[in-house]
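Below you'll find the structure, written out as structure tokens, and then a few comments.
Residue numbers (the working numbering): 987 to 1251.
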């Protein structure tokens, strides 16, 4: 299959999803979304486990930010460095925003839960574009993608305040990359890092969504809510991403050294 054919597959799929969105009725935020199975207060913290389970986001985000900054060589491609750093910044902010939301779950506080998540979503997508499709495209797309992600959250929040909530565009921001990323991995494979860690991120993400959907069932079976488990599982996607970055950093360092060696000959 030629590269042009592969690109057309991605373009047609993206266009189909975007067009389909306009044929779907606006979807408001379900008011029951804010009712979680575990609402216990511990140590004076309301919804304690849903709040405290965000700590891994912050810790893994900080660790990932420090390690990736050191591991990716300074001469590494900007298209790799910036999305990586933004991903971990988003992870830290997700932990803080989600904890804030769970202290008092409402549509107003949910804004600060969803907004930082779009930073990590879009940074991750930008990284995949840069690594698998086109390096320049990846870095050039980062800031527009971040803007689109943030806009989808602000748009949803605004529509809720005027009485007709519309989650459609936020859903596209969250799920379209989940459809496109596996195709990018399969259609445009690269050999300079272990893609298994990217697949692991996708598996962890989907597992986290399952935990969220079965919040109460899991709570009644094991005594820990599915939503709290969702936070912990999703946070460990940062570890998988860090492992991918580690391998890329080693590869980039090798390429840079080879280039410097040739230039001295």
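Heads up, the beta-carbon is just placed ideally off N, CA and C, and yes, glycines get one too.
Just so we're clear, the structure is a prediction, and the values are computed from it rather than from any experiment.
Hey, could you find the ends of the alpha helix (DSSP H) residue i is sitting in?
| i | result |
| --- | --- |
| residue 998 | 989-1007 |
| residue 1163 | 1154-1173 |
| residue 1194 | 1182-1199 |
| residue 1216 | 1212-1221 |
| residue 1093 | 1093-1114 |
| residue 971 | As displayed, the chain neither begins before 987 nor continues past 1251, which places residue 971 out of reach and without an answer. |
| residue 1023 | Note, residue 1023: premise wrong, no alpha helix (DSSP H); not H, not E. |
| residue 1033 | First-last for residue 1033: undefined, no H or E at that position. |
Rounded to whole angstroms, what is the Cα-Cα separation between residue i and residue j?
| i | j | result |
| --- | --- | --- |
| residue 1210 | residue 1029 | 17 Å |
| residue 1167 | residue 1092 | 32 Å |
| residue 1242 | residue 1147 | Because the pLDDT at residue 1242 is just 48, under 50, the model does not fix this residue reliably, and the value given afterwards should be weighed accordingly. Roughly 52 Å between the two C-alpha positions. |
| residue 1071 | residue 1165 | 23 Å |
| residue 1034 | residue 1119 | 43 Å |
| residue 1001 | residue 1031 | 45 Å |
| residue 1252 | residue 1127 | With the chain covering 987 to 1251 only, the question about residue 1252 has no answer from this structure. |
| residue 1040 | residue 1193 | 17 Å |
| residue 1021 | residue 1173 | 41 Å |
| residue 1079 | residue 1169 | 29 Å |
| residue 990 | residue 1228 | 32 Å |
| residue 1177 | residue 1073 | 22 Å |
| residue 1018 | residue 1175 | 42 Å |
| residue 999 | residue 1111 | 16 Å |
| residue 1141 | residue 1150 | 11 Å |
| residue 1038 | residue 1234 | 32 Å |
| residue 1125 | residue 1114 | 10 Å |
| residue 1027 | residue 1090 | 12 Å |
| residue 1130 | residue 1069 | 12 Å |
| residue 1085 | residue 987 | 47 Å |
| residue 1066 | residue 996 | 22 Å |
| residue 1179 | residue 1083 | 32 Å |
Within the same chain, show all residues whose beta-carbon is closer than 7 Å to that of residue i, passing over the 5 residues directly before and after it, in chain order.
| i | result |
| --- | --- |
| residue 1107 | 1135, 1159, 1160 and 1163 |
| residue 1198 | 1212, 1213 and 1216 |
| residue 1139 | 1097, 1100, 1101, 1104 and 1156 |
| residue 1053 | 1228 |
| residue 1201 | 1022, 1023, 1211, 1212 and 1213 |
| residue 993 | none |
If you drop the 5 nearest sequence neighbours on each side, which residues of the same chain put their C-beta closer than 6 Å to that of residue i?
| i | result |
| --- | --- |
| residue 1077 | 1043, 1047, 1106 and 1224 |
| residue 1181 | 1171 |
| residue 1132 | 1108 |
| residue 1205 | 1023, 1024 and 1211 |
| residue 1081 | 1040, 1043 and 1044 |
| residue 1143 | 1097 |
| residue 1145 | 1151 and 1152 |
Excluding the five sequence neighbours on either side, which residues of its own chain have a C-beta within less than 8 Å of the C-beta of residue i, listed in chain order?
| i | result |
| --- | --- |
| residue 1222 | 1042, 1046 and 1190 |
| residue 1154 | 1007, 1010, 1012 and 1013 |
| residue 1123 | 1115 and 1116 |
| residue 1087 | 1095, 1096, 1098 and 1099 |
What are the residues that DSSP puts in a beta bridge with residue i?
| i | result |
| --- | --- |
| residue 1046 | Looking at the DSSP assignment, residue 1046 forms no beta bridge with any residue, so it has no partner. |
| residue 1056 | For residue 1056, which the question treats as bridged, DSSP gives no partner whatsoever. |
Are the region 1183-1192 and the region 1009-1016 in contact at 8 Å, needing three or more beta carbon pairs? No contact exists between the region 1183-1192 and the region 1009-1016.
Would the region 1038-1056 and the region 994-1011 be scored as touching if the rule is three or more Cβ pairs under 8 Å? In this structure the region 1038-1056 does not lie against the region 994-1011, because fewer than three pairs of beta carbons, one per stretch, are closer than 8 Å.
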